[in-house]
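Heads up: the structure comes next, in structure tokens.
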Amino acid sequence: MNNSSLFILLFLLLIKFNTIQACIMNSKVTTYVIRNVSSDSIPMKVHCFSGDDDIGTHTLLKLHDYLKWEFCLNVYPMADFFCHIWWGKKSKGFNAFHEVFYGNYGLNGWITKDDGIYFSHKDPYSDAKKKFDWDS
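So for the sequence shown, numbering that gives the first Met the number 0 puts the first residue at 0; every next one is plus one.
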């Protein structure tokens, strides 16, 4: 094995170790998208993804249905999750999580309501603040 191959192998092992180590050193992040709209007659589609993970497209059919995913923070902040939600003629795309060096929250709740999308770090999300209007 030549020096460049050894360097590449060590580099890849270091990246893998940092990912595993981050789960031990940092808290797990849990993110929810929760359906809280007045009508159950129109299905809600949710698609969330990052550069590394595609959570997939999920259908939320009734009040309080939710999409949940969990992930570990990276040693070097690089986690970004984007979500797109469709509800009848309304839709919205937004950055659902952006990792920073310090101050990441372990719980992130996105709550869909008739007039827009709300956000909170506290369960049961009674303090949720409106972040986005729906695009029509």
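Where is the CB? At the ideal position from N, CA and C, for every residue including glycine.
Quiz item: So is H57 in contact with chain D if we call contact Cβ pairs under 8 Å?
Solution: Note that chain D does not occur in the displayed structure, where there is just one protein chain.
Quiz prompt | Inter-stretch contact (C-beta, 8 Å, three-pair minimum) for the segment 26-38 and the segment 58-65 | solution = Judged by Cβ distances under 8 Å, the segment 26-38 makes contact with the segment 58-65, as three or more pairs qualify.
Quiz item: Taking Cβ to Cβ, would you say V82 is nearer than 8 Å to V45?
Solution: At residue 82 the sequence reads Cys, which differs from the Val that was named. Taking 8 Å as the cut-off, the beta carbon of C82 is found closer than this to the beta carbon of V45.
Quiz item: Does the distance from the C-beta atom of H144 to that of D79 stay below 8 Å?
Solution: This structure gives no information on residue 144, because the portion of the chain shown stretches from 0 to 135.
Practice problem: Determine the extent of the beta strand (DSSP E) in which G115 is found, giving its start and end residues. | Solution: Secondary structure note for G115: its beta strand (DSSP E) is the uninterrupted segment G115 to S119.
Quiz item: When the Cα of D113 is compared with those of S49, S135 and M77, which residue comes out closest?
Solution: Checked all of S49, S135 and M77; the closest Cα to D113 is S135.
Practice problem: Find out if the Cβ-Cβ distance for the pair F131, I110 is shorter than 8 Å. | Solution: Result no, Cβ atoms of F131 and I110 do not sit closer than 8 Å.
Exercise. Could you pull the start and end residues of the beta strand (DSSP E) that N107 belongs to?
Key: Judged by DSSP secondary structure, N107 falls within the beta strand (DSSP E) whose first and last residues are L106 to K112.
Quiz prompt | beta strand (DSSP E) segment containing D79, residue limits | solution = D79: member of the beta strand (DSSP E) spanning D79 to W86, first to last residue.
Self-check item: Local conformation of P123 per DSSP, three classes
Solution: Three-state DSSP puts P123 in coil, outside helix and strand.
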